[in-house]
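Student:
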Amino acid sequence: MTGSLTLYTNPMSRGRIARWMMEESRQPYEVVNVPFGPSMKAADYRAINPMGKVPALKHGDRIITECAAICAYMAETFPETGLAPRPEERADYYRWMFFAAGPLEQAVTNRAMGFVVPDQNQRMSGYGSYEQVMDTLEKAVSAYDFIAGNRFTAADVYVGSAVAWGLMFGSIEKRPAFEDYARRIGSREAYRRTHALCEQEGEAMKAAG
Numbered sequence: 771m772t773g774s775l776t777l778y779t780n781p782m783s784r785g786r787i788a789r790w791m792m793e794e795s796r797q798p799y800e801v802v803n804v805p806f807g808p809s810m811k812a813a814d815y816r817a818i819n820p821m822g823k824v825p826a827l828k829h830g831d832r833i834i835t836e837c838a839a840i841c842a843y844m845a846e847t848f849p850e851t852g853l854a855p856r857p858e859e860r861a862d863y864y865r866w867m868f869f870a871a872g873p874l875e876q877a878v879t880n881r882a883m884g885f886v887v888p889d890q891n892q893r894m895s896g897y898g899s900y901e902q903v904m905d906t907l908e909k910a911v912s913a914y915d916f917i918a919g920n921r922f923t924a925a926d927v928y929v930g931s932a933v934a935w936g937l938m939f940g941s942i943e944k945r946p947a948f949e950d951y952a953r954r955i956g957s958r959e960a961y962r963r964t965h966a967l968c969e970q971e972g973e974a975m976k977a978a979g
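Numbered continuously in our numbering, the sequence shown closes out at residue 979.
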């Protein structure tokens, strides 16, 4: 598919995940930083993402939202980047990317908000308990150097962001397996470049008011 790429994001948001994916993809793209508040809820931006949230990726006349979807879309749309899974990697690639987008995201968010699923209701919860999720995540990042094997893929952008941010903000337990994985993904040039770009743009947005 042809067409320009435009990423709508905010440097102090989950949009950093999509920004990292764009940097890993090595495709030319434009960035539109959307301030929190009225701008993000305005009609012109809601025409792009009705949720009034970032990130959103526009590719030609198509729009993709949700960080995991953007990661998967970019990897598959531009296979020359080598970020899509090989046949033997597909099971772990999709399994853990969507584990991070579902059970991990829900468990971490609920815990941050002070909500604990009562024992008797864990069967109704998609993730069971926070402890279950942490144990499962530990096994996932310990199986190989990267989440789908011994090669970095787009799934590591999503899972790696969740782990790195969780360690930084204390929403994920500081287990050695998590810290080792975070060091591996944090050593990537595109990861460091994304961090620097977002910090610079965040400061510029603050200065602009």
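C-beta: ideal position from N, C-alpha, C; glycine also.
1) Suppose contacts are defined by Cβ-Cβ distances below 7 Å. Is Ala947 in contact with Glu901 by that definition?
2) If you follow the alpha helix (DSSP H) that Ile787 is part of, which residue opens it and which one closes it?
3) Does the beta-carbon distance from Glu859 to Gly919 come in below 7 Å?
4) Alpha carbon to alpha carbon, how far is Arg962 from Val903? Give it in angstroms, no decimals.
5) Among Thr847, Glu949 and Ala838, whose alpha-carbon lies nearest the alpha-carbon of Arg832?
6) According to the neighbour-count rule (16 or more other Cβ atoms, all chains shown, within 10 Å of its Cβ), is Asp950 buried or exposed?
7) So, using beta-carbon positions, are Ile917 and Asp905 closer together than 7 Å?
8) According to DSSP, His829 sits in a beta bridge with which residue or residues?
9) Go ahead and pull the three-state DSSP assignment for Asn891.
10) DSSP on Asn780, reduced to helix/strand/coil?
11) Check the C-beta distance from Ala838 over to Met867 and give it rounded, since I have them as a contact under 8 Å.
12) Run the CB neighbour count on Ala871, radius 10 Å, all protein chains shown included, and call it buried at 16 or more, exposed below.
Tutor: The structure says:
1) Stepping through the sequence shown from its first residue, residue 947 is reached at position 177. Stepping through the sequence shown from its first residue, residue 901 is reached at position 131. Going by beta carbons, Ala947 and Glu901 fall outside the 7 Å limit.
2) Working through the sequence shown from its first residue, we reach residue 787 at position 17. Per DSSP, Ile787 belongs to the alpha helix (DSSP H) from Gly785 to Ser795.
3) For the purposes of this step, residue 859 is taken as residue 89 along the sequence shown, with counting starting at 1. For the purposes of this step, residue 919 is taken as residue 149 along the sequence shown, with counting starting at 1. When the beta-carbon positions are compared, Glu859 and Gly919 come within less than 7 Å of each other.
4) Within the sequence shown, numbered from 1, the residue matching residue 903 stands at position 133. Within the sequence shown, numbered from 1, the residue matching residue 962 stands at position 192. Rounded to whole angstroms, Val903 and Arg962 show a C-alpha spacing of 28 Å.
5) Numbered from its first residue, the sequence shown carries residue 832 at position 62. Closest by C-alpha distance to Arg832, out of Thr847, Glu949 and Ala838, is Thr847.
6) As a position in the sequence shown, residue 950 is number 180, starting the count at 1. With fewer than 16 other Cβ atoms within 10 Å, it is exposed.
7) Counting from 1 along the sequence shown, the entry for residue 917 is found at position 147. Counting from 1 along the sequence shown, the entry for residue 905 is found at position 135. Taking 7 Å as the Cβ cut-off, Ile917 and Asp905 do not qualify as a contacting pair.
8) The residue given as residue 829 occupies position 59 in the sequence shown. According to DSSP, His829 bridges with Leu775 and Arg832.
9) On the sequence shown, position 121 is the one that residue 891 refers to. Asn891 sits in a helix when the DSSP states are folded into three classes.
10) Taking the first residue of the sequence shown as 1, we reach residue 780 at position 10. Coil, per DSSP.
11) Working through the sequence shown from its first residue, we reach residue 838 at position 68. Working through the sequence shown from its first residue, we reach residue 867 at position 97. Ala838 to Met867, Cβ: 6 Å. Contact.
12) Within the sequence shown, numbered from 1, the residue matching residue 871 stands at position 101. Under this definition Ala871 is a buried residue.
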